[in-house]
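Protein chains in written order, with this note's numbering: chain A, 2 to 153; chain B, 5 to 272. Worksheet for the structure shown next.
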């Protein structure tokens, strides 16, 4: 072969080695790249399915309304009409799947979390100063959470 | 070397090797094409990522800083303590010094625990505050996202439906993307040892639910919708139509898509 191309043997060996490395690269790449890689772009197409497979924790207002339609009608009349049930009651998927699993009781900290007076809060929001608004500890003595405009 | 070796023979062998190498990617392409033909999409059943374009919009004037969205996000996505996929910043702009001729004084920004437990009293005395407001932050869903460009393995990408996702089974945890995001929206998850970020609750939106933060927001400060399939009386379309909207750090050329209404010039 060296006579054929009149090339020094070390150069021939170098060429063969290069070809070998390139072959190895493509073979390894073929077996190591996941099948869905490059399906839509430079990523695994299957990744989208895997990310989407997880179960949600918050069920969504529509799930609550399937059973608690009466509460929803009441809620729709008041200032809290745009609130999701889970905003106050907490994540509800477990309760949707098993109605016996009750959601936790709520306390005053939830009301204060949104309605405590603060200069950073927008002016349209009803705000109170918890220290001088009411000396008791139960907001529901005077306010109905599902219909805040009503008096109990 | 035998005398039978001819130039033509050697060239044929070399051509065969080269042809073999070239054939492998071609075989891959054929394999992928067949796969695509059999299953039109690998996305969730009944969900075609090409038929949607998700977008979130934020109304700064509606945010009351309760932090319920941060709490909802952390619970929904099992975000480890001390990290946030979405967070709320409180901007406090002080009054200018009398006689300084300025329109405003200093800007003080804080975000205790990302706002997850709500906000306490302002860091500035009430009488010194010129104005103050809350700004919710999340992934800006960039069109030319720098975070996906720097990924050396293709583990993060812009999905066809506009969400920027992290493939945590493919991520090597190098952290380049965490540095690349100019909005600080990514973090290194110490539990999975991969990059992590807001993915618009991809597991929820593909099932027809709203992202957890949007579901939970009590004041409609977060508006979410599908630009390709507007529902009747679409809140997102209505929001874009009735507000002057702006995106964060547009000058960086990352093409941020998340729309903000009511931004102040101090917000970065």
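By construction, the Cβ of each residue, glycine as well, lies at the ideal position given by its N, Cα and C atoms.
Please go through the same chain and pick out, in chain order, the residues whose beta-carbon is closer than 8 Å to the beta-carbon of residue i, but skip the five residues on each side of it.
i	result
residue 178/B	156
residue 115/A	126
residue 133/B	96, 97, 98, 99 and 126
Strictly under 9 Å for the Cβ-Cβ distance: is residue i near chain A by that measure?
i	result
residue 65/B	yes
residue 85/B	no
residue 201/B	no
residue 98/B	no
residue 136/B	yes
residue 116/B	no
residue 191/B	no
residue 126/B	yes
residue 130/B	yes
residue 140/B	no
residue 18/B	yes
residue 185/B	no
residue 29/B	yes
residue 123/B	yes
residue 46/B	Note that residue 46/B has pLDDT 44, beneath the 50 cutoff, so the model's placement of it is unreliable and no number is given.
residue 133/B	yes
residue 51/B	yes
residue 181/B	no
residue 24/B	yes
Are the C-beta of residue i and some C-beta of chain B separated by less than 9 Å?
i	result
residue 1/A	The shown model of chain A, from 2 to 153, leaves out residue 1/A, and the question about it has no answer.
residue 140/A	no
residue 149/A	no
residue 72/A	no
residue 146/A	no
residue 31/A	yes
residue 123/A	yes
residue 14/A	no
residue 22/A	no
residue 100/A	no
residue 143/A	no
residue 104/A	no
residue 8/A	no
residue 68/A	no
residue 134/A	no
Would you check whether the ligand GTP has a heavy atom nearer than 8 Å to the C-beta of residue i?
i	result
residue 130/B	With respect to the ligand GTP, the structure shown offers nothing to examine, as it has no ligands at all.
Across which residues does DSSP place residue i in a beta bridge pair?
i	result
residue 23/B	Answer by DSSP bridge pairing: none, since residue 23/B is not bridged.
residue 140/B	92/B
residue 61/B	227/B and 263/B
residue 191/B	200/B
residue 135/B	97/B
residue 169/B	161/B
residue 12/B	None, per the DSSP bridge assignment.
residue 45/A	38/A
residue 114/B	94/B
residue 249/B	265/B
residue 145/A	148/A
residue 129/A	117/A
Check the C-beta distance from residue i over to residue j and give it rounded, since I have them as a contact under 8 Å.
i	j	result
residue 126/B	residue 121/A	6 Å
residue 56/B	residue 54/A	That pair is no contact at about 17 Å.
residue 72/B	residue 204/B	That belief does not hold up - the Cβ atoms of residue 72/B and residue 204/B are roughly 18 Å apart, past 8 Å.
residue 58/A	residue 147/A	With 8 Å as the limit, residue 58/A and residue 147/A do not qualify as a contact, their Cβ atoms being about 23 Å apart.
residue 128/B	residue 146/B	No, residue 128/B and residue 146/B are not in contact; Cβ-Cβ is about 33 Å, not under 8 Å.
residue 64/B	residue 161/B	Wrong, their Cβ atoms sit about 30 Å apart, outside the cutoff.
residue 172/B	residue 152/B	Between residue 152/B and residue 172/B the Cβ distance is about 15 Å, and since that is not below 8 Å, they are no contact.
residue 223/B	residue 66/B	5 Å
residue 141/B	residue 95/B	About 11 Å; that fails the 8 Å criterion.
residue 174/B	residue 45/A	6 Å
residue 69/B	residue 97/B	The pair is not a contact, with the Cβ atoms about 15 Å apart (cut-off 8 Å).
residue 23/A	residue 25/B	6 Å
For residue i, which residues in the same chain have their Cβ closer than 6 Å to its Cβ, ignoring the five residues on either side in sequence?
i	result
residue 292/B	Limits of chain B in this structure are 5 at one end and 272 at the other, which puts residue 292/B out of reach.
residue 238/B	229
residue 214/B	228
residue 66/A	73
residue 123/B	69 and 94
Near residue i, which residues of its chain fall below 7 Å by C-beta distance, leaving aside the five closest residues on each side in sequence?
i	result
residue 113/A	131
residue 140/A	109 and 112
residue 264/B	62, 64, 249, 250, 251 and 252
residue 181/B	151, 154, 155, 160, 190 and 199
residue 37/A	45, 46 and 47
residue 4/B	In the structure as shown, chain B starts at 5 and stops at 272, and residue 4/B therefore has no counterpart that could be examined.
residue 43/B	Because the pLDDT at residue 43/B is just 47, under 50, the model does not fix this residue reliably, and the point stays unresolved.
residue 5/B	Low per-residue confidence applies at residue 5/B: pLDDT is 48, beneath 50, and the placement is therefore not dependable, though the value from the model is reported in the following sentence. Excluding sequence neighbours, residue 5/B sits near nothing in its chain.
How would you list, in chain order, the residues of chain C whose beta-carbon sits under 7 Å from the beta-carbon of residue i?
i	result
residue 163/B	This model lacks chain C altogether, as its protein chains are A and B.
* Output, in sequence order along the chain, the residues in the segment 207-231 of chain B whose CB is closer than 8 Å to any CB in chain A. => So the close ones are 207, 208, 210, 211, 213, 214, 216, 219, 220, 221, 222, 223 and 224.
* To do: Quick one: which residues of the segment 53-80 of chain B get their C-beta closer than 8 Å to a C-beta of chain A? List them in chain order.
  => Among the residues of the segment 53-80 of chain B, those with a Cβ less than 8 Å away from any Cβ of chain A are 53, 65, 66, 67, 68, 69, 70, 71, 72, 76, 79 and 80, in the order of the chain.
* **Near-chain A residues of the segment 167-178 of chain B (beta-carbon distance less than 9 Å), N- to C-terminal order** => With the criterion set as a beta carbon lying under 9 Å from some beta carbon of chain A, the members of the segment 167-178 of chain B are 167, 169, 170, 171, 172, 173 and 174, in sequence order.
* Asked: Taking Cβ-Cβ distances below 9 Å as the criterion, which residues of the segment 37-55 of chain A are in contact with chain B?
  -> From the segment 37-55 of chain A, only 37, 38, 39, 40, 41, 42, 43, 44, 45, 46, 47, 48, 49, 50, 51, 52, 53, 54 and 55 have a Cβ closer than 9 Å to chain B.
* **Members of the segment 149-160 of chain B near chain A, C-beta cut-off 8 Å** => Against chain A - using a Cβ distance shorter than 8 Å - the residues of the segment 149-160 of chain B are 158, 159 and 160.
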